[in-house]
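Notes for the one structure printed next.
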Ligand SMILES: [Zn+2]
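In this note's numbering, the protein residues as written are -19 to 54.
Here it is in structure tokens:
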């Protein structure tokens, strides 16, 4: 009966460490994924921003939705 408790405890410890390792490798991967992001320029105000944060409209990019709408106004 004592062994059963020990095995259970060992499993919990094992699970805990596995979870800890996964979290550590996850953050490591995030920092390792320092792929240089392409910078784009807002067609309205000319500010530079990462492509993922920009609003794309065909071949041009904008920093915000307002600037994208602004362009279409006369
Ligand atoms: Zn802009």
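Glycine residues also receive a C-beta, built at the ideal position from the N, C-alpha and C atoms.
Asked	Found
Could you compute how far the alpha carbon of residue -1 sits from the alpha carbon of residue 40?	43 angstroms
Could you check whether the Cβ of residue 45 sits closer than 8 angstroms to any Cβ belonging to chain C?	Reference to chain C is not applicable here, since this structure consists of a single protein chain.
Quick one: Cα of residue 2 to Cα of residue 21, how far?	37 angstroms
Does DSSP put residue 27 in a helix, a strand or coil?	coil
Kindly list the residues whose CB is nearer than 7 angstroms to the CB of residue 42, restricted to its own chain and excluding five residues on each side of it in sequence; keep chain order.	22, 23, 24, 34, 35, 48
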